[in-house]
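All the letters of the sequence shown, read from the start, carry residue numbers -19 to 364 under the numbering used here.
Below is one structure, written out as C-alpha cells; comments come after it.
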Amino acid sequence: MSKSTFLVALTMAYTIPSVLGHMAMWDPSVYGFTGSGAKMIEPLHGMPFEQWWFHNEITAHPPAPGKIFDLPAGGTAVAQIACEQRWTKHGGNPDPNNSPCPSDPAAAHAGLPPKDSSMRGCGLAIAYKSDARDVKKEDFVIFSVNHACVKTRDTNFPVPKGMKACPNGKCICAWFWQGFESNDEMYMNGFDCKISNPGTLTLAPPKAPKPCHGNPSACVRGAKNPMYWANLDKSNIEYFGRNKLPAYNDDWGFPNGAQNDIFLAAPAPPPPPPPPAPAPAPAPVPVQKPVVVAAPPPAPVPVAGKPNQTVKIMPDGSKVIIETVVETVVVHVQGKLAKAKARRAKRAAIDIAKRAVAEKVRRGRIPTIEEIRARGGTGQRRRR
C-alpha cells in the first residue's frame, strides 16, 4: 500500500465511524422478512440494479399472501424501524424505551449518542401496481416523510388524505432511509401495502428530487421519486459530496409529514346552476275599508192622547213633533190619479173619433165641408 493510499484510508477511518449495525423496516409485509435478517439491513452501495432493487427479494422471499401493510388515508401509519427483528414486536423483545437498536445505538448513523441534527430522515413511497415484478423505479412516489426517522423504533408516517384505493386491493410500497455518518450508501425495503379510507385523488407524474440547501425556491415541488444513488446504475440524483448527502428533509424538498402536493390538480368544479327566477310578486291584497254602519235613527215616539202626532229625537237632542196625515194624503193622491186617468181616456176617445171621421171622409162616405156648402148646406150623404 502506498503512503498516500494509507493516509486516505486512515483519514476515512477517523472521519467515518465503523458501524456494524444498520436499520430496516420490519413487518411481515416486507420482501425478505422471511429470509435473512442480515440482508434486510444490508446497505445498498456499489451494486448492479438487479441486486440492490428490493434487495433482490421480490421472488426469493415475497410476503405471505394477505400480509399487507395498512395505510389509512388521512391518518397515520406506524412502521417499526430497528437494527434487528428481535427489537420489534415481531421479535418478541421490543425495547420499553422505544429504542430502534438498544444493542448498538450507532446503527442510527447519527453519532453517539445520536443527534437530531444528524438525522437524515426516511420516506415511504408507493406505486399503484399490485405486482412487485411490474414496478419500475420511476413508478415510486414519496407520499410521507419523517425527518426524525430511526430515532425511535415506532415511527409515524402521516398519510395524505384522499389517496385513491389500490388496484386489486394491493399496492407496492417501499421504505427509504439515508444515514449521515456512514459510507456512501442508501437503504430500501419494499413491502405490500393498501390504502384504507380511500379517496379519489390520483398521483401526478413524479420527478427526481434536487438539493436546495437554504434556497427553497430551487426545490422540486410536487410528486417526487425516492433518491436512488451510490450504486453502479439506475441512479436518479447526482452526488455532491458528503456535505450535501441525500436526505429526506427540507434540504431536498421533502417537508415533514404527509406530502400533500403529490396529486394531479382536481378538475375545476362545474359552474353553479343559475339562481332560480324570482317568484312573482304576490297580487296586492285590496285593503277593505271598514264599513261604518250608521246607527238607525231612533223611532218616533207616539204622543199620548194624540194618535196623529209623534215625537222624533234629533241628533242634537232636540225634539220635533210630527203630525200624521197619511189618510188625507192618500185620498188626495187617489183623487188626483183618477182625474188624470179620466183626462187621458177622454183624449184617447177624441183621437179615435177623429181618426174614424178622417177615414170615412177619405173613402167618400162623409161629404166634405165644401161639398156640403155646394149642396146648399143640407148635409145629406152622397149616394154612390
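Each residue gets a CB set at the ideal place from its N, CA and C atoms; glycine is no exception.
Boundaries of the alpha helix (DSSP H) in which residue i is found, first to last residue
i	result
glutamine 31	29 to 32
isoleucine 352	349 to 354
Nearest-angstrom Cα separation, counted from residue j out to residue i
i	j	result
serine 197	asparagine 73	46 Å
cysteine 153	arginine 66	23 Å
methionine -19	tyrosine 219	Low local confidence applies: a pLDDT of 42 at methionine -19 is under 50, so the model's placement there is unreliable, with the coordinate-based value given in what follows. Cα to Cα, the separation comes out at about 27 Å.
arginine 345	alanine 328	23 Å
isoleucine 21	phenylalanine 49	19 Å
arginine 323	lysine 334	17 Å
lysine 453	aspartate 296	With the chain covering only -19 through 364, there is no way to say anything about residue 453.
glycine 221	proline 251	53 Å
valine 309	alanine 325	Unreliable placement is indicated for valine 309, whose pLDDT of 45 sits below 50; no coordinate value is reported for it.
cysteine 173	phenylalanine 234	22 Å
alanine 354	glutamate 339	22 Å
Start-to-end residues for the beta strand (DSSP E) that takes in residue i
i	result
lysine 174	167 to 176
glycine 17	From DSSP, glycine 17 is part of no beta strand (DSSP E) but of the alpha helix (DSSP H) over 17 to 20.
isoleucine 152	151 to 157
valine 58	56 to 62
leucine 51	49 to 52
alanine 107	102 to 107
valine 125	121 to 126
Proximity to residue i [Cα-Cα], best of the options
i	options	result
threonine 135	Gln60, Gly17, Glu118	Gln60
phenylalanine 395	Phe13, Ala203, Asp296	The structure shown does not extend to residue 395, since the chain is modelled only from -19 through 364, so no value can be given for it.
methionine 166	Pro262, Ser215, Pro250	Ser215
asparagine 169	Asp75, Ala184, Arg323, Gln31	Gln31
leucine 51	Lys117, Met20, Phe137, Arg100	Phe137
asparagine 195	Met27, Asp230, His25, Pro23	Asp230
proline 186	Leu225, Val121, Pro250	Val121
asparagine 77	Arg133, Met27, Ser124, Pro28	Arg133
lysine 150	Pro254, Ser162, Val115	Val115
leucine 92	Ala62, Pro191, Lys190, Phe160	Phe160
glycine 1	Ser162, Lys69, Lys117	Ser162
histidine 127	Ala227, Trp6, Ile38, Cys192	Ala227
phenylalanine 34	Ala4, Lys47, Asp164, Pro254	Ala4
Proximal residues to residue i (C-beta, below 6 Å), its chain only, five neighbours per side dropped
i	result
glycine 71	Gln65
threonine 56	Asn136, Pro138
alanine 263	none
Contacting residues, own chain, Cβ-Cβ under 8 Å from residue i (five flanking each side not counted)
i	result
isoleucine 242	Val121, Ile122, Phe123, Pro140, Leu183, Ala184, Pro186, Gly202, Ala203, Lys204
proline 82	Trp67, Asp75
alanine 53	Val139, Pro140, Lys141, Gly142, Met143, Ile175, Ser176, Asn177, Pro178, Gly179
Quiz item: Would you say the stretch 108 to 115 touches the stretch 229 to 246, given that touching needs at least three Cβ pairs under 8 Å?
Solution: no
Exercise. Please confirm if the stretch 38 to 48 is in contact with the stretch 87 to 102, defined as three or more CB-CB distances below 8 Å between the two stretches.
Key: no
Quiz item: Is the number of C-beta pairs between the stretch 100 to 107 and the stretch 153 to 164 that are closer than 8 Å three or more?
Solution: yes
Quiz item: Pairing CB atoms from the stretch 178 to 186 with CB atoms from the stretch 141 to 148, are three or more of them under 8 Å?
Solution: yes
Quiz item: Counting pairs of beta carbons, one from the stretch 209 to 220 and one from the stretch 76 to 91, are three or more of them closer than 8 Å?
Solution: no
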